[in-house]
Amino acid sequence: MNIRLQNRVVFCGDSSVGKTSILQRIKGVQFEEHVRQTKIASYYAYHYQNESPEDGEDDFDINFWDVGGDPKLRQLAQVYFQNIEIAVVVFDLTDRPSYDSLRDWVKMLKKESPSASFFLVANKNDKSQEKVVSDSELSRHRLKLFQVSAKTGEGIDDLVKSIGEECIKICHEKKIQHQQEIQRQNGSEPENKEEDENSNNCCTIM
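Counted the way the UniProt record's numbering counts, the sequence shown spans residues 1 to 206.
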């Protein structure tokens, strides 16, 4: 049996931090200064091109969800936090409240998807003179942090690459867990272990 992940990646954070602009950048859409605010959630399909096929994975699709940050609609938005592989929490380096609310976002996400991987994304890195979050504060976070600019494209490629690599890592871990479960059930090694290990890539959509 082949393990297949949905590769569900949720972008969340306060309103107006630039989640939609980042995702549009990922999709190759040119930056726009004024973007319609996401109310509840929007979906973006993205085809990830694996630059390291030696890891056993071909190119695959990632399902990005852009979840709105309106506090009044947060209860509805939490539905999109369930059964996700990766959570990307975005804040605005020029907006202190969006940084201060990171803890609340992470708490909500962990409640719905405790095993999800987490990335922090600090947007608007191009506005160096307007930053209200110091580098020393950013360095205290244990979660993987990316400083990006949706406007200039800075850091976007590194973010996408890390998300893709994390999808592959999670997929491999799921495959190992599945093989171990088969061994426990059978009390021995699976007869088709070699075939299973060389099966098609596991990062496609279910």
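Don't be surprised by glycine CBs; every beta carbon is placed ideally from N, CA and C.
Whole angstroms are fine: how far does the CA of Q180 sit from the CA of S15? Position 15 of the sequence shown, counted from the start, is the residue given in the question as residue 15. Position 180 of the sequence shown, counted from the start, is the residue given in the question as residue 180. Cα-Cα distance, rounded: 43 Å.
Which residue or residues does DSSP assign as beta-bridge partners of G118? Counting from 1 along the sequence shown, the entry for residue 118 is found at position 118. Gly is not the amino acid found at residue 118; the sequence shown has Phe there. Answer is A87.
Quick one, which of R8, G13 and G28 has its alpha-carbon nearest T152's? Here residue 152 refers to the residue found at position 152 of the sequence shown. The option with the nearest alpha carbon to T152 is G28.
Assuming V35 and S52 form a contact by the criterion Cβ under 8 Å, report the distance between their Cβ atoms to the nearest whole angstrom. Counting from one through the sequence shown, the residue named residue 35 turns up at place 35. Counting from one through the sequence shown, the residue named residue 52 turns up at place 52. Incorrect: roughly 33 Å between the Cβ atoms, too far for contact.
Helix, strand or coil for residue 251, going by three-state DSSP, please let me know. For the chain, the structure presents residues 1 to 206; residue 251 sits outside this window and is missing.
DSSP three-state label for F81, please. If you number the sequence shown from 1, residue 81 lands on position 81. Reduced to three states, the DSSP call for F81 is helix.
Quick one: any contact between the segment 75-84 and the segment 128-138, if contact means 3 or more CB pairs under 8 Å? no
When the distance is taken between beta carbons, is A41 closer than 7 Å to V67? Within the sequence shown, numbered from 1, the residue matching residue 67 stands at position 67. Within the sequence shown, numbered from 1, the residue matching residue 41 stands at position 41. In contact: V67 and A41 (Cβ atoms closer than 7 Å).
Under a Cβ-count criterion, where at least 16 other Cβ atoms within 10 Å of its own Cβ denotes burial, should K169 be classed as buried or exposed? Along the sequence shown, read from residue 1 onward, the residue named residue 169 stands at position 169. K169 is exposed by the Cβ-count criterion.
Tell me C12's beta-bridge partners as DSSP assigns them. One-based indexing of the sequence shown puts residue 12 at position 12. Answer by DSSP bridge pairing, in chain order: V89.
Within 10 angstroms of its Cβ, does A122 collect 16 or more other Cβ (buried), or is it exposed? Translated into the one-based positions of the sequence shown, residue 122 becomes position 122. With 16 or more other Cβ atoms within 10 Å, it is buried.
Opposite H47 in the DSSP bridges: which residues? Here residue 47 refers to the residue found at position 47 when the sequence shown is read from its first residue. H47 pairs with D61.
Which parts of the segment 123-174 are runs of the beta strand (DSSP E), unbroken and 3 residues or longer, counting only runs that do not cross its ends? 144-147
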